[in-house]
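Structure first, then comments.
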Amino acid sequence: MMVTIMVSKEVSMERISITKPKEKFIKEYKCEGCNENVVQKELIIPVGPKKGQAMLANYGCKCADIKLAKKAIQLRRELESQKMQQFFDDNSLINQSLQNATLENYEPTNDELAKAKQDITTYIHEFNGTKNLLLHGSYGTGKSHLSISVTKKLIEKGHSCLFLSLPKLLTKIRDTYSNEKITEDKLLESIQQVDLLVLDDLGAEQKTNWAITKIFEVMDSRAGKATIYTTNLNSKELKQHLGERNFSRLMENTQIIIMNGQDYRRRDF
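Shown next, in the form of structure tokens:
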């Protein structure tokens, strides 16, 4: 035999009274931090262990809100920078020797290279996402070193960047023809979208009709967006190698930086 016992429980609700603190107007002023009109009042704490004590309250001040907003923006920028860095690391084609290259550890060996470093520093500070650079000069003067330094500085500012050795890029495009995971269109789309693209060692690739066509496709997709080119070829050699159409696209809105000098990699000898 099963017996069910029902228990009734009454819940009494007590009325809670809230005592407002006494207020006393102190002054009204414009806050220098947030530029808002603020009313300052003295409040007398009505209850609790601090009962009777006075405290100041500033009504209308938004300094705390602004501080929180700035902190949120800074956190977002840091996360965006980390995301851009990861994208750069995953997709750039960089020689091992350039992994540790920075603007700070580039040591020019003559006045011309010192000016080149200064021009690069100015480019970073004034970066607007549309101006191109062409770093031209003899072998081993640090063209790749300086150009990758730009990407590192701009990534810190939240910009998306890619550093691509042109010969390696063309090899990677060929590899997509037998790779089902990544298509040529997807690769070129990534190149087109970044804020800054570095095409390193222009002219070192084998000259074929296919290569010249692909170079034009990359250049054409970057129209209106910032690209840095490095090359050992002079203007006549570059025009002959790339063809008139590619050379014309290359020189559009492009500042030329000359970098001649002793081989930077062998400066200690």
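Residues 1179 to 1447 (the numbering used here) are what the sequence shown spells out, left to right.
Each residue gets a CB set at the ideal place from its N, CA and C atoms; glycine is no exception.
- For T1391, the uninterrupted alpha helix (DSSP H) segment begins and ends at N1387 to S1399.
- In chain order, P1199, K1200, G1230 and A1232 place their CB closer than 7 Å to the CB of I1222, counting only its own chain and leaving out the 5 sequence neighbours on each side.
- Assignment of A1247 by DSSP, reduced to helix, strand and coil, places it in the helix class.
- In the three-state scheme derived from DSSP, where H, G and I count as helix and E and B as strand, K1205 is classed as strand.
- One alpha carbon belongs to L1420, the other to G1211, and they sit about 57 Å apart.
- For Y1301, the number of other beta carbons within 10 angstroms of its own is at least 16, and it is reported as buried.
- L1344 and T1319 do not touch by the CB rule: their CB atoms are close to 18 Å apart, not below 8 Å.
- A Cβ-Cβ distance of about 5 Å is found for the pair Y1284 and H1323, placing them in contact under the 8 Å criterion.
- In this structure, the CA atom of T1409 is about 7 Å from the CA atom of G1315.
- Here the alpha carbons of N1412 and K1392 stand approximately 21 Å from one another.
- Burial check for E1383: the Cβ neighbour count within 10 Å reaches 16 or more, so the residue is buried.
- Three or more beta-carbon pairs separated by less than 8 Å are not found between the region 1349-1363 and the region 1324-1335, which leaves the two stretches without contact.
- With 16 or more neighbouring CB atoms inside 10 Å of its own CB, F1341 falls in the buried class.
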